[in-house]
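Start counting the sequence shown at 4; every next residue gets the next number (our numbering).
Don't be surprised by glycine CBs; every beta carbon is placed ideally from N, CA and C.
A short worksheet on the structure shown next.
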Amino acid sequence: MPSQRQRAVFIAIAVLVVAWIAAITGYVIARNSRMTADKLRAYAQSVDLNKVSGDARAKAIRELADKLNRLSPEERRKARMARVWQQWFGAMTEDEKGTFIELTMPTGFRQMLASFEELPQEKRRRAIDDATKRLKEAQGEMKDAGEAPSDATTNAPPVLSEELQQKITKIGLKSFYSESSAQTKAEMAPLLEELQRTMESGRLFRGGR
Numbered sequence: 004m005p006s007q008r009q010r011a012v013f014i015a016i017a018v019l020v021v022a023w024i025a026a027i028t029g030y031v032i033a034r035n036s037r038m039t040a041d042k043l044r045a046y047a048q049s050v051d052l053n054k055v056s057g058d059a060r061a062k063a064i065r066e067l068a069d070k071l072n073r074l075s076p077e078e079r080r081k082a083r084m085a086r087v088w089q090q091w092f093g094a095m096t097e098d099e100k101g102t103f104i105e106l107t108m109p110t111g112f113r114q115m116l117a118s119f120e121e122l123p124q125e126k127r128r129r130a131i132d133d134a135t136k137r138l139k140e141a142q143g144e145m146k147d148a149g150e151a152p153s154d155a156t157t158n159a160p161p162v163l164s165e166e167l168q169q170k171i172t173k174i175g176l177k178s179f180y181s182e183s184s185a186q187t188k189a190e191m192a193p194l195l196e197e198l199q200r201t202m203e204s205g206r207l208f209r210g211g212r
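Here it is in structure tokens:
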């Protein structure tokens, strides 16, 4: 018969094996439950919003918003730039578009708009330039990885014209955003979220470009 010491060793090994199995199981579950831009795209493509109405339609829009909100910052940027829900947005009413934008507005977004409003014009310009540059870099990375949208004209990330940059710099992003249509807000979402990340990172206030 095994000695008391041997039994203790067996028990310790059994505990380690159980813990290892639990850790692996937890990792697999977490990995499979993690929302990605590809999963969001698959959901968007699985539902034809034109064929849904009433409560089911409202529920579908909220589910799409919930899936977008569960994305990591990197996956959210990818989904925004690819506009994986573009077909949905085209089928939404103005009220539904407004609801979707409100549901998917990042935490602290309104505070960012207010903070941007308080910046001097030069820092506003720097913030926009930095955010635009990083979006272009991300677009290039997506293209290199074969993840760029197939329709470059429709789905390319927004690049502000010089005229629009000057307008935002002068009147402030908060004022511009409040006056924009739901469609414009959706199209600018990748840039606005990148701008928020730029400001929250503190890069804007450390000097240099």
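Asked                                                                                                                                                         : Found
Closest to residue 83 by CA distance: which of 122, 62, 60 and 39 is it?                                                                                      : 39
Please classify residue 148 as buried or exposed, where buried requires at least 16 neighbouring CB atoms within 10 angstroms.                                : exposed
Terminal residues of the continuous alpha helix (DSSP H) containing residue 58?                                                                               : 57-72
Residues in its own chain within less than 6 Å of residue 197 by CB, not counting five upstream and five downstream?                                          : 134, 137 and 138
Can you tell me the Cβ-Cβ gap for residue 68 and residue 103, rounded? I've got them flagged as a contact below 8 Å.                                          : 6 Å
In angstroms, rounded to a whole number, what distance separates the CA positions of residue 173 and residue 199?                                             : 18 Å
Could you tell me whether the Cβ atoms of residue 191 and residue 130 are closer together than 8 Å?                                                           : no
Go through its chain and collect everything with a Cβ distance to residue 58's Cβ below 7 Å, but skip five positions before and after it.                     : none
Pull up the distance between the alpha-carbon of residue 37 and that of residue 60, whole angstroms please.                                                   : 24 Å
Nearest to residue 45 by alpha carbon, out of 118, 76, 90 and 204?                                                                                            : 90
Taking residue 116 and residue 177 to be in contact with their CB atoms under 8 Å, please state how far apart those CB atoms are, rounded to whole angstroms. : 4 Å
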